[in-house]
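The structure appears below as structure tokens.
Residue numbers (my numbering): 304 to 422.
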């Protein structure tokens with residue numbers, strides 16, 4: 304049981320609230336790291352939501368490694384990493400090709416099939 308109340312600076316409260324609202328950490332994780340009760344953090348979040356006070360959603364500090372949600376996710380295998388890289392590459396290639404087609408059509412070259420066209 305705590306005998307004295309610790310005063311938390313408003314900047315730190317804003318930081319904690321923004322970390323929670325970003326989905327970076329749970330009330331419990333933030334409470335353990337900042338040594339604040341989870342119910343206190345929950346009350347701050349409720350207050351911010353009710354007052355619609357603007358809170359920066361950009362974290363100013365890096366979350367502690369123990370609090371990282373990524374730690375709960377299984378480590379990605381090399382194959383998954385390669386597939387994700389290939390997806391990014393193909394998305395960029397698709398964007399480039401669509402941009403090329405758009406430019407060509409603006410210059411009078413019809414490339415895309417029009418609806419109702421004979422085949």
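Glycine residues also receive a C-beta, built at the ideal position from the N, C-alpha and C atoms.
By the neighbour-count criterion, in which a residue is buried when 16 or more other Cβ atoms sit within 10 angstroms of its Cβ, residue 412 is exposed. Contact between the segment 374-394 and the segment 334-350 is absent: fewer than three C-beta pairs spanning the two stretches fall below 8 Å. Sorting 325, 310, 386 by C-alpha distance to the C-alpha of residue 343 places 310 at the top. Under the 10 Å beta carbon count, residue 398 is surrounded by fewer than 16 other beta carbons and is classified as exposed. Within a 10 Å sphere around the beta-carbon of residue 316 sit 16 or more other beta-carbons, which makes this residue buried. Each residue's CA atom was taken as its position, placing residue 386 and residue 404 some 27 Å apart. Here residue 334 carries a helix assignment [DSSP, helix/strand/coil].
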